[in-house]
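**Student:**
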Amino acid sequence: MLGMIYDARKDTMTMAIPKPPEGKPTKKALQSFLARIYDPLGVLAPLTVRLKQFLQSLWATKIGWKQSIPKDTMPIWESIKKDFLDTEYTMNRQITDRYDYKSTKLIIFSDASKNNYGVAAYLRFEFPDKTFKTKLLMAKSRVKPLKGSERLTIPRLELMALWLATNCAVYIKNELHSCMPFESVEFFSDSMIALAWTTTQKPLKCFVANKVKLIKENCKILRDCEIEHKFHYVPTEQNPADLTTRGKNSKELFASKMWHDGPEFLEKKEGEWPNQWKDSPTIPKWLEKAMAEEVVGKEGKTVYKEEDGIQEHVVHLTTATEYFSPGNYESWIPYDSTNSISKLIRYTEKVIRATRKLSGKREWENPIMKKYMAAKPGVEGYEERRKAVLYSLILDHYKDTASRMEHVIPEDLNPMQDQFGLIRHGTRLDKSDLPTDTKLPIILIRDHKLTEMIVRDIHLRNKHIGTEQLVAECRRKYWIPKGRQLARKVINSCTQCRRKNGRTFRYPPIPPLPASRVQRSKPFEHIGIDYFGPIYYKGTHSQRKCWVLICTCVVTRNIHLELVSDNGTVEFILAMRRFFSRRGTPKTVTLDNAKTFKLGEKIFNNDIKEMAEENDTFTNFMDQHPMEWKFITPLSPWKGGVYERIIGIVKKLLYSSGDTGQFNYVQLFTVITEIEGIVNSRPISHNPENFVEGPVVRPADFISPEVKLGVVHDNGKIEMADAGVTEKIARSHMAAMNEHMTELWKKWEDSYLTQLKISHNRRQQYTVTPPKIGQVVIMEEKLKARHKWPLARITEIHPNELGQIRTVTIKCNGKEIKRSVNQLIPLEMEFESPATMAVPTTKEHSSKNTEPTTKSQDAEPDKRREKSKSTTPANSHNPNVRNKIESNDGSEASSDQLRTRPFLSRKAKKGINYCEVAEDQNQKVKVNSENEERRTSEYGSNSTEEMAGRNKPHSHSLGAGSVAN
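full-length UniProt numbering puts the first residue of the sequence shown at 1, with every later residue one more than the last.
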């Protein structure tokens, strides 16, 4: 064994014992000396127990680590030094040298003294010749902890030693039972009180009850392995574990036969052993009195006197901690039939009233019934009757809790029992002028339904107060352990509080960009369109207004601007026809849900159908060139970030050019066209630092590349013998153009496309409840006060290809509409605590979920706060799920970035006539827009270009859709 010397000839193992330090040692030297005694089996426990106790006393003196021990402790140290007379200890490697044994038993002794407790474990072998041999297997010694030492009486330490013995039995079973099985475990203790506690059926105090429970759990482990166990009483003089608590010097310990071989009775048959301990009804009076110190309800004292009218009641309250043992009690009160304590009181009072009628003029001995009967009839005695019924409910909830679970009221609450049987929290406010219920509040069980109903009633009566105030109101009459948790649960389940403080569903992390954004395509093959305005210009007699239709290519980031006189459907169709004529027909069109766009899409589709019926050629063309209209989720402008960002850039240039009210229509059209050219010439990749890196990528280069191509001279490598000079020049020019476009697309992939990998996410607050079909929700409407937001029900969910739920269909006021999940607030929780969580959304979400630990009591102010947790859907834990900007139509910005600002009216599309109410917000947005444009000009248009709502105020509640109305 590591750390021991093995003698192969004698088959022995020698353990070195270091010499104690000389002179006046320091605390460090003594601790080092103890650590050098390598004793993994604990066979030297009697030798080291006094040293452990001495070191503990030094820690209590608060002397320094390298300071010498005090002079008054030197005599104790000198006596301890005399215990270490030998320098080594030799023991046999084998427990037994005979292998013909027919049975094995594990014998464990336990003992405790004033300051220590310990155990000694032996293996007892029975041989065919009816002889027995017992050898020490291991031992353990413990010093009584300093914390709470005044409560650790010798009987309690004896019980802890018995618990340590059962722990050793389980440990030895796990280590040896497979190679050296034993048929039973025999526990010996010299404490009748501790043995009586393990077998009594009476309710015990908290500390003793918990230790007895642990002992029984260990015994159950042994029973599950089919190992029989018994408890015995043994006199102290025959208990070898007594040496682990009192100590021995080395010479006495090495010569002790009882320490190495156990007491003499182990060499005899079991019939001559001390009797097995059993719970006998004829317990001696002295033992029953000793046990009573830890039995609930055996002793008490007068705590206070309560004057009630003429009579004076002296209330005897137990100072013990109440311990509820599970029984067969079945409550007759329908706790689950209602959530209202008032209804439950009415139901219970009807039963009491019926019982009173059936019993006639019977004299009631129950103090609660006496209180009920003594109440005045009618309205005058209503409060007294209600209080009596409530007391009966509280008393019943104690019994109901005991029938379903073991429940221990913490001892530090100083629980006491009043004349009605209610358990109250003993406080230090006896001499105050506060009401009795406030000085001695009634203790309620937190996990019981009655307690929740009482707290909910207080919450409703006080107009939906917050957590801290609710806890304070409850403590006027009641004391609920860990009451803040229950208060939060009640508030989070309150419908009115959910309407006021509820959070929306969690919006899923940003998924990968769709193929239409990241694959090569022709300019304006995939577009996004939107209106902005109105823009005022100088008319013939007065100012007039117009709008701008913006069409942006989602791949090359080119834009096309069309000036329209109004944002109606007719002008929209004409503007789109002009766009089709100059830029070609796109494959996909991404747009919002303005009524103008909805009607325009319907007209285009009807025209296509009519033309298809008249012309087969057109049908074949549309089959090969389909045009798909993709409408984003209503009131979700971040999903149109691909064009909303461009609107911000165009508007900044437009307003920088001067007051548009001074331009006529032709001048304004010219300015708009020039802005289109400027925006299309902006860099969308990183500006090169030197000439070698080549030119920057611009959207305009995909339409009309700005390259200077000279006449390519024939160098003899191109064989065109029959071609003329003109043809050769034309072919060379086309080859150079193709090479240039190939290089341009390569730069687009290397410079612009790689920047789209970057995504930004902010901390967001949301509820952890996922959206489900049939769930009742509150629909967010920013133009209305929160208490006027309508209710709706989820009828359909629309998960994307990654399984993330970003959009749902809801039914509100008889209409089915689509909404983003971060605009819906669940009305009812399925229970979570806390109701909301704030977590950072990162590219790879951690799968760990840590929860804050709670203190055992609320006696001190609860400083805990709900911390953020990573409670995310399963898809968000997948590291392969990348957080990109995406939408249903291939253009979406990060929702948390877009929604970090106040939700304003449609100022972003309203032109220069801003509302005065939102002036402050507009100034902040303007600064953000300038910062973003500066980054755009320096580094090109990257992924932040998609995030429209972050840099300009906008709302889809006004603008193109509302004007069309």
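Don't be surprised by glycine CBs; every beta carbon is placed ideally from N, CA and C.
By how many angstroms is the C-alpha of residue 163 removed from the C-alpha of residue 133?
**Tutor:** Counting from one through the sequence shown, the residue named residue 133 turns up at place 133. Counting from one through the sequence shown, the residue named residue 163 turns up at place 163. Using only the alpha carbons, I get a separation of about 26 Å.
**Student:** Give the straight-line distance between the Cα atoms of residue 506 and residue 641, rounded to the nearest whole angstrom.
**Tutor:** As a position in the sequence shown, residue 506 is number 506, starting the count at 1. As a position in the sequence shown, residue 641 is number 641, starting the count at 1. So the two alpha carbons sit approximately 20 Å from each other.
**Student:** Considering Cα atoms alone, identify which of 555, 579, 570 and 569 is closest to residue 562.
**Tutor:** As a first step, residue 562 is located in the sequence shown; it is residue number 562 there, counting from the start. It is 579 whose Cα lies nearest to the Cα of residue 562.
**Student:** Buried or exposed: where does residue 787 fall if 16 or more other Cβ atoms within 10 Å of its Cβ makes it buried?
**Tutor:** Position 787 of the sequence shown, counted from the start, is the residue given in the question as residue 787. It counts as exposed.
**Student:** Residue 838 to residue 443, Cα distance in whole Å?
**Tutor:** In the sequence shown, residue 838 corresponds to position 838, counting from 1. In the sequence shown, residue 443 corresponds to position 443, counting from 1. Note that residue 838 scores 38 on pLDDT, short of 50, meaning its location in the model is unreliable; the coordinates nonetheless yield the value given after this. If you take the alpha carbons of residue 838 and residue 443, they lie about 34 Å apart.
**Student:** Taking the alpha-carbon of residue 356 as reference, which of 776, 825, 343 and 370 has the nearest alpha-carbon?
**Tutor:** The count along the sequence shown starts at 1 and reaches residue 356 at position 356. Residue 370 is the option with its Cα nearest to residue 356.
**Student:** Could you check whether residue 657 and residue 671 sit closer than 8 Å to each other, using their CB atoms as the reference points?
**Tutor:** Translated into the one-based positions of the sequence shown, residue 671 becomes position 671. Translated into the one-based positions of the sequence shown, residue 657 becomes position 657. Against a cut-off of 8 Å, the Cβ pair of residue 657 and residue 671 comes out as a contact.
**Student:** For the alpha helix (DSSP H) that contains residue 404, what are its first and last residues?
**Tutor:** Looking up residue 404 in the sequence shown gives position 404. For residue 404, the enclosing alpha helix (DSSP H) begins and ends at 382 to 404.
**Student:** Mind checking residue 479: buried by the 16 CB within 10 Å criterion, or exposed?
**Tutor:** Along the sequence shown, read from residue 1 onward, the residue named residue 479 stands at position 479. Buried.
**Student:** Would you mind listing the alpha helix (DSSP H) stretches within the segment 158 to 223 that are 4+ residues and don't spill past its ends, in chain order?
**Tutor:** 192 to 199
**Student:** How far does the beta strand (DSSP E) with residue 116 in it extend, from its first residue to its last?
**Tutor:** Sequence index remark: in the sequence shown, residue 116 carries index 116 (1-based). Note, residue 116: beta strand (DSSP E), 116 to 126.
**Student:** Using the Cα positions of residue 779 and residue 789, report the straight-line distance between them to the nearest angstrom.
**Tutor:** Counted from its first residue, the sequence shown places residue 779 at position 779. Counted from its first residue, the sequence shown places residue 789 at position 789. Cα-Cα distance, rounded: 6 Å.
**Student:** Any contact of the segment 171 to 189 with the segment 221 to 236, i.e. 3+ C-beta pairs under 8 Å?
**Tutor:** yes
**Student:** Let me make sure I understand the geometry here. Which of 143, 477, 32 and 108 has the alpha-carbon closest to that of residue 167?
**Tutor:** Within the sequence shown, residue 167 is the residue found at index 167, counting from 1. The option with the nearest alpha carbon to residue 167 is 108.
**Student:** On the three-state DSSP scale, how would you describe residue 268?
**Tutor:** For the purposes of this step, residue 268 is taken as the residue at position 268 of the sequence shown. Coil at residue 268, not helix or strand.
**Student:** Taking the continuous beta strand (DSSP E) assigned at residue 112, which residues delimit it?
**Tutor:** Counting from 1 along the sequence shown, the entry for residue 112 is found at position 112. 103 to 112 is the span of the beta strand (DSSP E), which, as asked, contains residue 112.
**Student:** Exposed or buried, what is residue 519 when buried is set at 16 or more other beta-carbons lying within 10 Å of its beta-carbon?
**Tutor:** Within the sequence shown, residue 519 is the residue found at index 519, counting from 1. Residue 519 comes out exposed.
**Student:** DSSP state of residue 472, grouped into three classes?
**Tutor:** If you number the sequence shown from 1, residue 472 lands on position 472. Reduced to three states, the DSSP call for residue 472 is helix.
**Student:** Please classify residue 881 as buried or exposed, where buried requires at least 16 other C-beta atoms within 10 Å of its C-beta.
**Tutor:** As a first step, residue 881 must be located in the sequence shown, where it is residue number 881. The predicted position of residue 881 is uncertain, since its pLDDT is 35 and thus under 50; a value taken from the coordinates is nonetheless stated next. Buried, by the Cβ-count rule.
**Student:** Give a yes or no on whether 8 Å exceeds the smallest Cβ distance from residue 811 to chain B.
**Tutor:** The structure shown has no chain B; it contains just one protein chain.
**Student:** Using beta-carbon positions only, say whether residue 8 and residue 139 come within less than 8 Å of one another.
**Tutor:** Counted from its first residue, the sequence shown places residue 8 at position 8. Counted from its first residue, the sequence shown places residue 139 at position 139. No.
**Student:** I need the DSSP call for residue 13, collapsed to helix, strand or coil.
**Tutor:** Here residue 13 is taken as the residue at index 13 of the sequence shown, counted from 1. DSSP, read as helix, strand or coil, puts residue 13 in strand.
**Student:** With which residues is residue 547 paired in a DSSP beta bridge?
**Tutor:** Indexing the sequence shown from 1 puts residue 547 at position 547. Residue 547 pairs with 564.
**Student:** How would you call residue 94, buried or exposed, if buried means at least 16 neighbouring beta carbons within 10 angstroms?
**Tutor:** Numbered from 1 along the sequence shown, position 94 holds the residue referred to as residue 94. Result: exposed.
**Student:** Between which two residues does the alpha helix (DSSP H) carrying residue 429 extend?
**Tutor:** As a working mapping, residue 429 is identified with position 429 in the sequence shown. It is not in any alpha helix (DSSP H) - residue 429 carries neither H nor E in the DSSP assignment.
**Student:** Give me whichever residues DSSP pairs with residue 237 in a beta bridge.
**Tutor:** Here residue 237 corresponds to residue number 237 of the sequence shown, with the count starting at 1. Residue 237 is not bridged to any residue.
**Student:** In whole angstroms, what separates the C-alpha of residue 386 from that of residue 345?
**Tutor:** Taking the first residue of the sequence shown as 1, we reach residue 386 at position 386. Taking the first residue of the sequence shown as 1, we reach residue 345 at position 345. Going from the Cα of residue 386 to the Cα of residue 345 covers about 7 Å.
**Student:** According to DSSP, is residue 92 part of a helix, a strand, or is it coil?
**Tutor:** As a position in the sequence shown, residue 92 is number 92, starting the count at 1. Three-state result, residue 92: strand.
**Student:** Here's the rule I'm using: 16 or more other beta-carbon atoms within 10 Å means buried, otherwise exposed. How should residue 225 be labelled?
**Tutor:** By one-based count along the sequence shown, residue 225 stands at place 225. Counting Cβ neighbours within 10 Å, residue 225 comes out exposed, since fewer than 16 surround it.
**Student:** Just to check my reading of the structure: residue 80 and residue 51 have Cβ atoms closer than 8 Å, yes? What is that Cβ distance to the nearest angstrom?
**Tutor:** Locating residue 80 in the sequence shown gives position 80, where the first residue counts as 1. Locating residue 51 in the sequence shown gives position 51, where the first residue counts as 1. With a Cβ gap of about 6 Å, residue 80 and residue 51 count as contacting.
**Student:** Return helix, strand or coil for residue 785, following the three-state DSSP convention.
**Tutor:** In the sequence shown, residue 785 corresponds to position 785, counting from 1. In the three-state DSSP reduction, residue 785 falls in the coil class, being neither helix nor strand.
**Student:** Since residue 518 is in the alpha helix (DSSP H), which residue starts that stretch and which ends it?
**Tutor:** Stepping through the sequence shown from its first residue, residue 518 is reached at position 518. Where residue 518 is concerned, the enclosing alpha helix (DSSP H) stretches over 515 to 518.
**Student:** Taking the continuous alpha helix (DSSP H) assigned at residue 413, which residues delimit it?
**Tutor:** Counted from its first residue, the sequence shown places residue 413 at position 413. First-last for residue 413: undefined, no H or E at that position.
**Student:** In angstroms with no decimal places, state the Cα-to-Cα distance between residue 977 and residue 824.
**Tutor:** This structure cannot settle anything about residue 977, because the visible part of the chain is limited to 1 through 965.
**Student:** Mark residue 272 as exposed unless 16 or more other C-beta atoms lie within 10 angstroms of its C-beta, in which case mark it buried.
**Tutor:** Taking the sequence shown and counting its residues from 1, the one referred to as residue 272 is at position 272. Its Cβ having fewer than 16 others within 10 Å, residue 272 is exposed.
**Student:** Would you identify the three-state DSSP class for residue 570, choosing helix, strand or coil?
**Tutor:** Along the sequence shown, one-based indexing puts residue 570 at 570. Residue 570 falls in the helix class under three-state DSSP.
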